[in-house]
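J.:
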Amino acid sequence: MNASQSEQIQNTEEGYPDFAKLTEMREELGDHFLLVMQHFQSGMLARPQKIRQAFQNNNPEQLALEGHSFKSLCRQLGLSQMETLSVTLESMGRSGQLDGAAPLIERLLAYGLQAHCELQKYCLACGKPSSVQ
Amino acid sequence: MAHILVVDDDEIMRALLSGMLRHVGHTVVESDNGQGGLEQMNAYPAELVITDIFMPEMDGLEFLITLLEKHPDSKVIAISGGYKAVNACLSLQMAKALGATDIIAKPFHTAAVIRQVAYALQSKTIAYRRRAER
Chain X
237 MNASQSEQIQ NTEEGYPDFA KLTEMREELG DHFLLVMQHF QSGMLARPQK
287 IRQAFQNNNP EQLALEGHSF KSLCRQLGLS QMETLSVTLE SMGRSGQLDG
337 AAPLIERLLA YGLQAHCELQ KYCLACGKPS SVQ
Chain A
36 MAHILVVDDD EIMRALLSGM LRHVGHTVVE SDNGQGGLEQ MNAYPAELVI
86 TDIFMPEMDG LEFLITLLEK HPDSKVIAIS GGYKAVNACL SLQMAKALGA
136 TDIIAKPFHT AAVIRQVAYA LQSKTIAYRR RAER
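Residue numbers (our numbering), protein chains in the order written: chain X, 237 to 369; chain A, 36 to 169.
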């Protein structure tokens, strides 16, 4: 991770989804919205765990794949902070240099939990309970 | 409304795309890899295929090439967010050059995808255009 990437991560606020994007998705998905959101909510918890698992297994290639996959989800929801972390971890995995990855992964886990909660609150505000705990 | 195949190794992106398409009335089948997508097309050809580019095992470009060899009149929309040194724009241009009907970069706007799907379903396939040029 270079100084610029580190500074970018340090200086941004915690990630919240882009609620305008969520509203657009709700309009375009109709009755399917809450089902799709369940997938996103569970992904916000499970995907950072997979990244941590790849790191703990000292598997840079898997770390890069998981980072790449999670990056797309974060982009789709406008989770810019989490996207930045995912891109950085993908890059670190690709280079095989995992020094400094641990705190980024822990931050990604924390933001993922926060994003999960924000998505759940949004779904509840839509008028129907979310089944994802 | 059309029968559409969605190929993406990411189950969440598949759910998103399928949900959008089903909401507007399309019938959707899914595959999590290119090989499965080919098997689905052999069993029950879809009118449109939406495929991710970067997937493990058979990637989207290989899937696209094989699909158009076996089903030259297939309409395909390629989707990518880029991976490794290959950015999304380059990989999608490659897909277009290989015969994709249209391309979509991630992240995508759901409304725009629905419009592109409608346009692709109405468009002529690349095989049709090549035959017409002869």
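For each residue, glycine too, the CB sits at the ideal point set by N, CA and C. Computed from a prediction, not measured in an experiment: that's the story for all the values here.
Cα-Cα, which of A:G116, A:V63, A:F143 is closest to F89 of chain A?
T.: Nearest of A:G116, A:V63, A:F143 to F89 of chain A, Cα basis: A:G116.
J.: Can you find a heavy atom of the ligand NAD that lies under 7 Å from the Cβ of L258 of chain X?
T.: Looking for the ligand NAD in the displayed structure turns up nothing, as the structure carries no ligands at all.
J.: For the structure I just gave you, are there three or more beta carbon pairs, one from the segment 135-149 of chain A and one from the segment 301-312 of chain X, closer than 8 Å?
T.: The segment 135-149 of chain A is in contact with the segment 301-312 of chain X.
J.: Are the beta-carbon atoms of V59 of chain A and R49 of chain A separated by less than 8 Å?
T.: No, these two residues do not count as a Cβ contact at 8 Å.
J.: Evaluate Q333 of chain X with the Cβ neighbour count: other Cβ atoms within 10 Å of its Cβ, from every protein chain shown; 16 or more gives buried, anything less gives exposed.
T.: Its Cβ having fewer than 16 others within 10 Å, Q333 of chain X is exposed.
J.: So which residues of chain A does R311 of chain X contact, with C-beta pairs closer than 9 Å?
T.: Those are G116, K141, P142, listed as they occur along chain A.
J.: Along the segment 263-289 of chain X, where does the CB come closer than 9 Å to a CB of chain A? Name the residues.
T.: Listed in sequence order: E263, E264, L265, G266, D267, H268, F269, L271, V272, Q274, H275, F276, S278, G279, R283.
J.: Using C-beta distances below 8 Å, list every residue in its chain close to R283 of chain X, excluding the 5 sequence neighbours before and after it, in chain order.
T.: Within the same chain, R283 of chain X has close Cβ partners E302, S305, F306, L309, G348.
J.: Use the C-beta contact count for N77 of chain A: other C-beta atoms within 10 angstroms, 16 or more gives buried, fewer gives exposed.
T.: Per the 10 Å Cβ criterion, exposed.
J.: Let me see if you follow: with CB-CB separation under 8 Å, is K307 of chain X close to chain A or not?
T.: Yes, its Cβ sits closer than 8 Å to a Cβ of chain A.
J.: Return the chain-ordered list of same chain residues with a C-beta closer than 7 Å to the C-beta of R288 of chain X, the five sequence neighbours on each side being excluded.
T.: Counting only Cβ-Cβ distances below 7 Å, and skipping sequence neighbours, we find I341, L345.
J.: Determine the extent of the alpha helix (DSSP H) in which V272 of chain X is found, giving its start and end residues.
T.: V272 of chain X -> alpha helix (DSSP H) spans 269-292.
J.: Go through its chain and collect everything with a Cβ distance to Q244 of chain X's Cβ below 7 Å, but skip five positions before and after it.
T.: Note on Q244 of chain X: pLDDT 48, under 50, position unreliable in the model; no value is reported.
J.: Who are the Cβ neighbours of L281 of chain X in its own chain at under 8 Å, not counting the five residues just before and after it?
T.: Counting only Cβ-Cβ distances below 8 Å, and skipping sequence neighbours, we find G348, L349, H352.
J.: Mind checking if R57 of chain A is an interface residue toward chain X, Cβ cutoff 8 Å exclusive?
T.: At least one chain X Cβ lies under 8 Å of R57 of chain A.
J.: Looking only at its own chain, which residues have a Cβ that is under 8 Å from the Cβ of K257 of chain X, when we skip the five neighbours before and after it?
T.: Contacts found: Q312, L313, G314.
J.: Between G54 of chain A and chain C, is any beta-carbon pair separated by less than 8 Å?
T.: No chain C is present in this structure, whose protein chains are X and A.
J.: Is it true that the segment 126-135 of chain A meets the segment 94-110 of chain A, where meeting means three or more beta-carbon pairs spaced less than 8 Å apart?
T.: As far as the Cβ criterion goes, the segment 126-135 of chain A touches the segment 94-110 of chain A, which means the pair count is three or higher.
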